[in-house]
Structure formats: structure tokens, C-alpha cells
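Chains as they are written, first to last, in our numbering: chain G, 6 to 116; chain S, 55 to 168. Note that the Cβ used here is the ideal one computed from N, Cα and C, for glycine as well. Since the structure comes first, as C-alpha cells, the remarks are kept for the end.
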Amino acid sequence: GENVEQHPSTLSVQEGDSAVIKCTYSDSASNYFPWYKQELGKRPQLIIDIRSNVGEKKDQRIAVTLNKTAKHFSLHITETQPEDSAVYFCAADTGRRALTFGSGTRLQVQP
Amino acid sequence: DVKVTQSSRYLVKRTGEKVFLECVQDMDHENMFWYRQDPGLGLRLIYFSYDVKMKEKGDIPEGYSVSREKKERFSLILESASTNQTSMYLCASSFMAGQHIEAFFGQGTRLTVV
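Below you can see the structure in the form of C-alpha cells.
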């Protein structure tokens with residue numbers, strides 16, 4: 006089955022700096038790659054996603070890039086703010102309708 | 055606004071008990087999922103269902119079963135709870151819209167088995 010690895014497990018940045026979280030996947034059949042944000046004590050929520058026919062997608066301060074050849078994708082957050090502090094999960098879907106998640110990255114933005 | 059509701063926020067059960075975790079969604083989604091969340095391990099898929107009375111094993115189904123008698127309800131069953139099943143359990147639902155399968159999560163049930 007699919008295996009998704011996520012790095013780093015924790016990330017601390019200064020407010021205003023950029024943050025990058027990286028994921029790799031194992032199944033070349035995977036075609037959909039979402040990112041979820043989970044604030045403390047709350048449920049995970051989708052923040053951005055990308056399909057396998059697209060290399061990059063942006064939404065304001067967040068962007069996701071996908072390299073199908075290398076089987077990795079990344080989340081980029083620019084101009085980080087304290088409210089960006091949360092746990093971020095990457096995920097992949099091979100078409101079986103269920104997502105396989107990475108292990109999560111705890112992002113701390115220091116004011 | 056999609057709502058996925060789990061019946062309990064916190065549960066404490068004894069080893070060997072049969073435990074039912076209930077999940078209800080109100081958006082007529084075809085797909086429903088049960089994940090468990092553990093520190094450092096992310097969200098791991100236990101079981102999922104893409105239709106009433108249908109179920110598929112996820113990545114860690116051992117020790118669990120599920121039931122989906124109605125489209126809106128998906129139950130996770132621990133036949134004989136064990137301490138290694140102490141975890142946060144998250145239910146989710148989604149519908150297929152082309153290749154977009156955004157999953158909407160419930161608030162989670164923190165289960166402690168003593």
C-alpha cells in the first residue's frame with residue numbers, strides 16, 4: 006500500500022519567516038495530495054491540495070509543489086504569523102478513495 | 055456547513071469491554087472513514103466505507119470492526135478493548151467530486167482503556 010513520509014516532525018520559525026514541510030510517497034499511482042491543518046484541540050481541516058497533473062498551486066501565503074518523478078511534494082508558508090502555529094499533515098490518495106497521511110509536522114511561529 | 059459528529063468526546067473503558075464509537079454526518083456523503091491519531095504516527099486508517107453495508111480494511115484493522123447500516127452513520131467497534139487501543143479516534147466523511155475528495159473530520163473521541 007501507499008506510504009507517506011513527512012519531515013520535519015517539528016519546525017520553529019520567527020514570525021515573518023518562511024516555513025517548508027516536505028513529504029514523499031511510495032505509490033506512483035497516487036494522484037491527489039492534500040494538506041491538512043490541525044490547531045490545538047481541533048479537528049484537521051483541508052488548507053490546500055494538488056492533483057498529479059499540476060506542478061504548483063498557490064493560495065495567498067501558502068503554496069504546494071509536486072515533483073511526480075521524485076515522488077515528493079512540499080508545503081510552503083510565507084510571511085508566517087502566530088496563527089499559523091499548528092500541526093500540519095500531508096496525505097496522498099491512490100484512487101481507493103481513502104487518504105494515507107504523513108506523521109505530521111508541529112509548526113511553532115515565534116512572535 | 056458540513057457536520058461530522060462523534061457521539062463522545064472522551065471515553066474511559068476497561069480492558070476486555072466491547073466499545074462502540076459512533077459517527078454521524080449530515081451531508082449525504084458516500085464515503086466514511088475511521089482513523090486513529092497517535093503522537094508521531096499521524097493519522098492511520100482503520101476502516102472505511104464507500105456505501106451502505108460496504109466496508110474496506112484500512113492500514114491497521116486488527117482488533118477493530120465497523121458497521122454501516124445507514125448512509126449517514128458509521129460505527130467503529132472494539133470487540134475486546136486493550137490498553138494499546140488507547141488513542142484519539144477521528145471519523146471523517148467525503149464525497150467523490152471528480153478527483154477531489156476533501157475529507158471532513160469529526161471532533162474526535164479520546165478513548166482511554168484501563
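Subject >> Neighbour list for residue 99 (chain G) in chain S, Cβ cutoff strictly below 7 Å >> reply: Walking along the first sequence from the start, residue 99 (chain G) turns up at place 94. Per Cβ cutoff of 7 Å: no residues; residue 99 (chain G) is ~11 Å from chain S at best.
**OP:** With 9 Å as the C-beta to C-beta threshold (strictly closer), list the residues of the stretch 100-111 of chain G near chain S in chain order.
**Re:** 100, 101, 102, 103, 104, 105, 106, 107, 108, 109
Subject >> Inter-residue Cα distance where the pair is residue 130 (chain S) and residue 139 (chain S) >> reply: By 1-based counting over the second sequence, the position of residue 130 (chain S) is 76. By 1-based counting over the second sequence, the position of residue 139 (chain S) is 85. Each residue's Cα considered, the two are about 12 Å apart.
**OP:** Keeping to the same chain, check which residues put their C-beta closer than 6 Å to that of residue 62 (chain S); ignore five residues upstream and five downstream.
**Re:** Position 8 of the second sequence holds residue 62 (chain S). If we look at residue 62 (chain S) and ignore the five residues flanking it on each side, its Cβ neighbours are 163.
**OP:** Could you name the residues of the stretch 70-86 of chain S whose beta carbon sits closer than 9 Å to any beta carbon of chain G, in the order they occur along the chain?
**Re:** 84, 85
Original post:
Taking just the CA atoms, how far does residue 16 (chain G) sit from residue 27 (chain G)?
Top reply: Locating residue 27 (chain G) in the first sequence gives position 22, counting from the first residue. Locating residue 16 (chain G) in the first sequence gives position 11, counting from the first residue. One C-alpha to the other measures close to 11 Å.
Original post:
Does any residue of chain S bring its CB to less than 8 Å from the CB of residue 38 (chain G)?
Top reply: Looking up residue 38 (chain G) in the first sequence gives position 33. Answer no: the Cβ-Cβ gap between residue 38 (chain G) and chain S never drops below 8 Å.
Subject >> Buried or exposed (CB count within 10 angstroms, at least 16 for buried), residue 107 (chain S) >> reply: Along the second sequence, read from residue 1 onward, the residue named residue 107 (chain S) stands at position 53. With fewer than 16 other Cβ atoms within 10 Å, it is exposed.
Original post:
Straight-line CA distance for residue 85 (chain S) to residue 118 (chain S)?
Top reply: If you number the second sequence from 1, residue 85 (chain S) lands on position 31. If you number the second sequence from 1, residue 118 (chain S) lands on position 64. Using only the alpha carbons, I get a separation of about 18 Å.
Original post:
Exposed or buried, what is residue 30 (chain G) when buried is set at 16 or more other beta-carbons lying within 10 Å of its beta-carbon?
Top reply: Along the first sequence, one-based indexing puts residue 30 (chain G) at 25. Its Cβ being crowded by 16 or more others within 10 Å, residue 30 (chain G) is buried.
**OP:** Mind listing the chain G neighbours of residue 104 (chain S)? Cutoff is C-beta to C-beta under 8 Å, in chain order.
**Re:** Along the second sequence, read from residue 1 onward, the residue named residue 104 (chain S) stands at position 50. Per Cβ cutoff of 8 Å: 102.
Original post:
Just to confirm, are residue 80 (chain G) and residue 69 (chain G) a CB contact at a threshold of 8 Å?
Top reply: As a position in the first sequence, residue 80 (chain G) is number 75, starting the count at 1. As a position in the first sequence, residue 69 (chain G) is number 64, starting the count at 1. Their beta carbons are under 8 Å apart, which means residue 80 (chain G) touches residue 69 (chain G) by this criterion.
Original post:
When the cut-off is 8 Å and only beta carbons count, does residue 128 (chain S) lie next to chain G?
Top reply: Counted from its first residue, the second sequence places residue 128 (chain S) at position 74. Residue 128 (chain S) does not count as touching chain G.
Original post:
Under 8 Å between C-beta atoms, does residue 139 (chain S) make it to chain G?
Top reply: As a position in the second sequence, residue 139 (chain S) is number 85, starting the count at 1. No - not a single Cβ of chain G is within 8 Å of the one on residue 139 (chain S).
Subject >> Simplified DSSP assignment, three categories, for residue 166 (chain S) >> reply: Numbered from its first residue, the second sequence carries residue 166 (chain S) at position 112. Of the three classes helix, strand and coil, the one that applies to residue 166 (chain S) here is strand, per DSSP.
Subject >> Chain-ordered chain S contacts of residue 14 (chain G) [CB-CB under 8 Å] >> reply: As a working mapping, residue 14 (chain G) is identified with position 9 in the first sequence. Result: 94.
**OP:** Could you tell me whether the Cβ atoms of residue 95 (chain S) and residue 89 (chain S) are closer together than 8 Å?
**Re:** Along the second sequence, one-based indexing puts residue 95 (chain S) at 41. Along the second sequence, one-based indexing puts residue 89 (chain S) at 35. Contact: no.
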